[in-house]
Amino acid sequence: VVLSRVPEQEEDRTVSLQNAAAIYDLLSITLGRRGQYVMLSECLERAMKFAFGEFHLWYQVALSMVACGKSAYGVSLLRECVKLRPSDPTVPLMAAKVCIGSLHWPP
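Note that my numbering has the sequence shown beginning at -18, numbered continuously upward.
Right, dumping it as structure tokens:
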């Protein structure tokens, strides 16, 4: 895994990030099918230190937080996802669904 921010290693860093994302996708599928949402959210949260500006991982963390009952935190993560992909309509729609359904917003 290449974590160096040296410009010469940008390609290696990109490949490492893609590999890590694939592993987290498989982990999400496996733990999600077993209903282990708390464990999944903990694993994905630890991965966030490598995910600056990576929409896919931010979105996964947000969805895992909603799935394990941390809806307010999930919505705040979805707000960050909107900043990363402002043209994607699914993100604000998901946030609205969580607010109306799980959080009962607006009162």
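Positions of the beta carbon are idealized from the N, C-alpha and C atoms, including for glycine.
No experiment lies behind these values; they were computed from the predicted model shown.
- Short of 6 Å from the beta carbon of S83, and not among the five residues preceding or following it, lie these beta carbons of its own chain, in chain order: S52.
- Sixteen is the threshold: since fewer than 16 other Cβ atoms of the shown chains lie within 10 Å of the Cβ of W86, the residue is exposed.
- The beta carbons of A28 and Y54 sit no closer together than 8 Å.
- Comparing C-alpha distances from C80 to each of S68, V47, E61 and V63 shows the shortest one belongs to V47.
- Here the alpha carbon of L59 sits roughly 30 Å from the alpha carbon of V(-13).
- Minimum Cα-Cα distance from L(-2) among the listed residues V63, D69, E35 and E61 corresponds to E35.
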